[in-house]
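Peer 1:
Protein chains: 2
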Amino acid sequence: MGEGDSAEQRPRRRSSRPTQADVARIAGVSQTAVSYILNGKLQTTISDATRQRVLAVIDEIGYVPDLTARSLRSRRTMTIGAIIPDITNPFFPEFVRGIQDVAQTGSYDVITYNTDGQRSLELNAVDAARRGRVDGLIMSTYQLTTADLGPTIAQAIPMVILGEPDDLPLPADAPFDRVYVPGDDGAHAVTGYLAEQGHRRIATIVGSQHLANGVQRVAGYRRALTEHGIAADEGLLRWGDWSESSGYACMNDLLALPSAQRPTAVFAANDLIAVGAMLACKAAGLKIPEDIAIAGYDNVALAHLVMPPLTTLDQHPRQIGNAAARLLLERLTGDFDGSSRTYRAAFDLVIRESA
Amino acid sequence: MGEGDSAEQRPRRRSSRPTQADVARIAGVSQTAVSYILNGKLQTTISDATRQRVLAVIDEIGYVPDLTARSLRSRRTMTIGAIIPDITNPFFPEFVRGIQDVAQTGSYDVITYNTDGQRSLELNAVDAARRGRVDGLIMSTYQLTTADLGPTIAQAIPMVILGEPDDLPLPADAPFDRVYVPGDDGAHAVTGYLAEQGHRRIATIVGSQHLANGVQRVAGYRRALTEHGIAADEGLLRWGDWSESSGYACMNDLLALPSAQRPTAVFAANDLIAVGAMLACKAAGLKIPEDIAIAGYDNVALAHLVMPPLTTLDQHPRQIGNAAARLLLERLTGDFDGSSRTYRAAFDLVIRESA
DNA sequence: TTGAAAGCGCTAACAG
DNA sequence: CTGTTAGCGCTTTCAA
């Protein structure tokens, strides 16, 4: 036993807990035996008497295993990382919850990294995996490139990417899977619905054109128009920034058009934009949906409370999170070891009263 | 060097990365030197030449430190745990984001545990700290008792508790702090405002009476009534379950009262309830706020979009998260080591059009 | 059925 | 200024 223990460490250290060695000593067995009893897989068997004795000691002295030591030895942290732009964006709480619910069934913990779409933070989060903080990654990034993931792939760290296939192309033999809602089809569904209601002048307000999300939605919007024999009018396409205020501004813009060119319906690429657009229309004295129909995208929690309740598209983010975690866990546990898979999530058009 | 490496392990192991030993060997220095260069605190100094050489090797072979090994040795995981009921509940994304933003400045990662208020999951999350997975805890729990935290306190694991002081009493000399929004004062502010608008028959619809949250809000409500010389009418107090549907049901109940007893204003203990109540009033053909005023609590993201926009109370969850993380980090870094502190968060009454 | 022994990769006394 | 040494607590061969 050492002399005085060096309690004067600057960084706080937790008071030391009992270890397997302590249990072993008290129970009069080897430390190995304790480990076996705790993990109990190996072919090795332990007599019932010994097992009982050890278990009793564990209980008595309140031994709990040290996860860090276990991780160092076993090379698994039992933790996964979720890289997202912002948990405050209504899509993500559901998505992350979906991940966590599945992770929990496999005894995995989840570290969430919020990046705000900043490259340095995205890289930093990916690094956590390289440095062995997490065993695998589920990621929704804006700025990362294929090259950025080189080291991660080289280390064979399993990843699940949330996003359209061409967002972040990766070699198919890398240990990664992809999960996405085809934004193209989603936008197609909403716009198609608007056309079926008889609208011919359908505008769209989209977020950033630098995001695959936005681009995909515009593509789906155009495809729906074409299918309904409507010529796309570029004057009816507006780029905002996914915010309510940009929805408001873009809508006002649209309303300033000569009445013959003014839209009778608007497909907003997310619910926030839709709400901004609704407010602009109301401010202009327009009735929704009589004077102008408005549809959104996302089905955020309060979409049904807006007046009139918003017609929108539900991407089922929680189920997407479930799927992502399931795919990742299959690789983590070794249940799957093949090449890249792609999970295309289902969505639902939610028809309410705004369109 | 060993013979063939045992690559046939069942659990997937990431391909092995270079270690400090590799760097040292190639650079021709001791492993210790590499560690010093990387951490560079100690009084020890390294010549610039050596440092450059080592750094070059690190860069060249792509060495990254193994966080698990570092944690085992240093006894710090650089991770904190956030125990919350449900990230899907609108208060928590902001709260957690507030934690993460501060944690990040100190290079801490955050593991979020969703418990749904289930005791077993709450205990499980607390255990993560005991088992050395996280260095400290920020927790919002329903079921935990003082006794449950005994081992955690014995291990001197720093904690920050979100909740009113008598929610989960702990010895003041334990390394914990408390952060809360005085729900009592919040409810008092909202109810007081209603009274100042001239209302005398003010009802309240609250969530579970088993939660300190609910009880506190009722206390504040009563206090405000008293201060305004209004006798509390128990018939105007309804217990729901924090959900929109319970708001709807309770409001219908209230509307069924004989007209002389019917409330002219309602304080809903959260925004979801408020919205449910609004829907019930509208369904009954009542105008808000002319026929009946409704105020909520929380200022959820879309509260201003409801028609009419909801008067409510903002608890500034993100700032509360900031404060919680700040308190915890001070203890984790050793900057603070005194007895329990309490941070009382500020709130703001947000007056819109529903009351 | 059990135990001895060898590290996982790193940090931090301590000695030169 | 640099290196030696000793583990952190655990898992997992391998031998008894």
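These protein sequence lines are chains A and B, in that order. For the first sequence, the positions run 785 to 1139 when the working numbering is used. For the second sequence, the positions run 785 to 1139 when the working numbering is used. C-beta atoms are modelled at their ideal positions from N, C-alpha and C, and glycine is treated no differently.
For the structure I just gave you, are there three or more beta carbon pairs, one from the region 1104-1115 of chain A and one from the region 1078-1087 of chain A, closer than 8 Å?
Peer 2: The answer is no - the region 1078-1087 of chain A does not touch the region 1104-1115 of chain A, with fewer than three Cβ pairs under 8 Å.
Peer 1: Taking CB distances under 8 Å as the criterion, tell me whether D1132 (chain B) reaches chain A.
Peer 2: Judged by the 8 Å Cβ criterion, D1132 (chain B) is not in contact with chain A.
Peer 1: Could you name each continuous beta strand (DSSP E) segment of 3 residues or more that falls completely within the region 1010-1042 of chain A, going from the start of the chain to the end?
Peer 2: The qualifying runs are 1021-1023.
Peer 1: Straight-line CA distance for I864 (chain A) to D1119 (chain A)?
Peer 2: Distance between the alpha carbons of I864 (chain A) and D1119 (chain A): 17 Å.
Peer 1: Around the Cβ of P1101 (chain A), are there at least 16 other Cβ atoms within 10 angstroms (buried) or fewer (exposed)?
Peer 2: When all chains shown are included, P1101 (chain A) counts as buried.
Peer 1: Counting only beta-carbon separations shorter than 8 Å, does G916 (chain A) have a partner in chain B?
Peer 2: Yes, G916 (chain A) counts as interfacial toward chain B.
Peer 1: How long is the line joining the alpha carbons of D850 (chain A) and A909 (chain B), rounded to whole angstroms?
Peer 2: Rounded to the nearest angstrom, the two C-alpha atoms are 15 Å apart.
Peer 1: I need the straight-line Cα distance from I986 (chain B) to A1107 (chain B), nearest angstrom please.
Peer 2: Rounded to whole angstroms, I986 (chain B) to A1107 (chain B) spans 34 Å at the Cα level.
Peer 1: Considering only C-alpha positions, which residue in the set B:I895, B:T1117 and B:R1046 is nearest to A887 (chain A)?
Peer 2: Looking at the Cα atoms, B:I895 is the closest of the given residues.
Peer 1: Using a Cβ distance threshold of 8 Å, determine whether the region 1055-1070 of chain A contacts the region 931-946 of chain A, with at least three qualifying pairs required.
Peer 2: Contact between the region 1055-1070 of chain A and the region 931-946 of chain A is absent, because fewer than three Cβ pairs lie under 8 Å.
Peer 1: Look at the alpha carbon of G1004 (chain A) and the alpha carbon of S858 (chain B), and state the distance between them as a whole number of angstroms.
Peer 2: Rounded to the nearest angstrom, the two C-alpha atoms are 53 Å apart.
Peer 1: Any idea what DSSP makes of V963 (chain A), helix, strand or coil?
Peer 2: Strand.
Peer 1: Residues of the region 835-859 of chain A in Cβ contact with chain B at a cutoff of 7 Å, in chain order, please.
Peer 2: Of all residues in the region 835-859 of chain A, G846, V848, P849, D850, L851, T852, A853, S855, L856 and R859 have a Cβ within less than 7 Å of some Cβ in chain B.
Peer 1: Please work out which residues of its chain come closer than 7 Å, Cβ to Cβ, to I1072 (chain B), disregarding the five sequence neighbours upstream and downstream, and give them in chain order.
Peer 2: Closer than 7 Å at the Cβ level, and outside the excluded window around I1072 (chain B), lie M1062, C1065, I1078, P1092 and S1138.
Peer 1: 8 Å is my cut-off, CB to CB: does R801 (chain B) come that close to chain A?
Peer 2: True, the Cβ-Cβ gap to chain A drops below 8 Å.
Peer 1: Closest by CA to S831 (chain B), which one among B:V841, B:A840 and B:A817?
Peer 2: With distances taken between Cα atoms, S831 (chain B) lies closest to B:A817.
Peer 1: Restricting to runs no shorter than 3 residues, where is the beta strand (DSSP E) found entirely within the region 892-918 of chain A?
Peer 2: 893-898, all fully within the region 892-918 of chain A.
Peer 1: Is it buried or exposed, E1028 (chain A), if we count other Cβ atoms within 10 angstroms and call 16 or more buried?
Peer 2: Looking at its Cβ environment, which holds 16 or more other Cβ atoms inside 10 Å, E1028 (chain A) is buried.
Peer 1: In chain order, what residues of the same chain have a beta carbon less than 6 Å from the beta carbon of L937 (chain A), not counting five sequence neighbours either side?
Peer 2: Leu is not the amino acid found at residue 937 (chain A); the sequence shown has Ile there. Once the five neighbours on either side are set aside, the close Cβ partners of I937 (chain A) are A958.
Peer 1: Is the shortest distance between the beta-carbon of L1089 (chain B) and the beta-carbons of chain A less than 8 Å?
Peer 2: Chain A contact via Cβ: present.
Peer 1: Please report whether the beta-carbon of Q1103 (chain B) lies at a distance below 8 Å from any beta-carbon of chain A.
Peer 2: Output row for Q1103 (chain B): interface = no.
Peer 1: Please report whether the beta-carbon of Y815 (chain B) lies at a distance below 8 Å from any beta-carbon of chain A.
Peer 2: Note that residue 815 (chain B) is Gln in the sequence shown, not Tyr. It does not; no Cβ of chain A falls within 8 Å.
Peer 1: I need the boundaries of the alpha helix (DSSP H) containing T863 (chain B), first residue and last residue.
Peer 2: Careful: T863 (chain B) lies outside any alpha helix (DSSP H), inside the beta strand (DSSP E) at T863 to I868.
Peer 1: Could you work out which residue in B:N823, B:L839 and B:D961 is closest to V807 (chain B) when comparing CA atoms only?
Peer 2: When each option's Cα is compared against that of V807 (chain B), the closest is B:L839.
Peer 1: Under the rule that 16 or more other beta-carbon atoms within 10 Å means buried, what is T1095 (chain B), buried or exposed?
Peer 2: It is buried - the Cβ of T1095 (chain B) has at least 16 other Cβ atoms within 10 Å.
Peer 1: So, with DSSP's three-state summary, where would you put R1128 (chain A)?
Peer 2: In the structure shown, R1128 (chain A) sits in a strand (DSSP, three-state: E or B).
Peer 1: Measure the alpha-carbon distance for F960 (chain B) versus D1121 (chain B) and round it to whole angstroms.
Peer 2: One C-alpha to the other measures close to 10 Å.
Peer 1: Can you tell me whether DSSP reads M1091 (chain A) as helix, strand or coil?
Peer 2: Looking at M1091 (chain A) - three-state DSSP - the assignment turns out to be coil, as it is neither helix nor strand.
Peer 1: To the nearest angstrom, how far is it from the Cα of I922 (chain A) to the Cα of A866 (chain A)?
Peer 2: For I922 (chain A) and A866 (chain A), the distance between alpha carbons rounds to 5 Å.
Peer 1: So I883 (chain B) and S924 (chain B) are supposed to be a Cβ contact under 8 Å. How far apart are they, rounded?
Peer 2: Going by Cβ atoms, the distance from I883 (chain B) to S924 (chain B) rounds to 11 Å, so no, they are not a contact pair.
Peer 1: Under a three-way DSSP split, which group does D950 (chain B) fall into?
Peer 2: Three-state DSSP puts D950 (chain B) in coil, outside helix and strand.
Peer 1: Mind checking which residues open and close the beta strand (DSSP E) that includes D1098 (chain B)?
Peer 2: From DSSP, the beta strand (DSSP E) with D1098 (chain B) extends over T1096 to D1098.
Peer 1: Please report the distance separating the alpha-carbon of D893 (chain A) from that of D1037 (chain A).
Peer 2: Straight-line Cα distance between these residues: approximately 47 Å.
Peer 1: Which partner residues does G920 (chain A) have in the DSSP bridge list?
Peer 2: Partner(s): A:I864.
Peer 1: Out of B:Q815, B:L1009 and B:Q902, point me to the one whose CA is closest to T834 (chain B)'s CA.
Peer 2: Nearest option by C-alpha distance: B:Q815.
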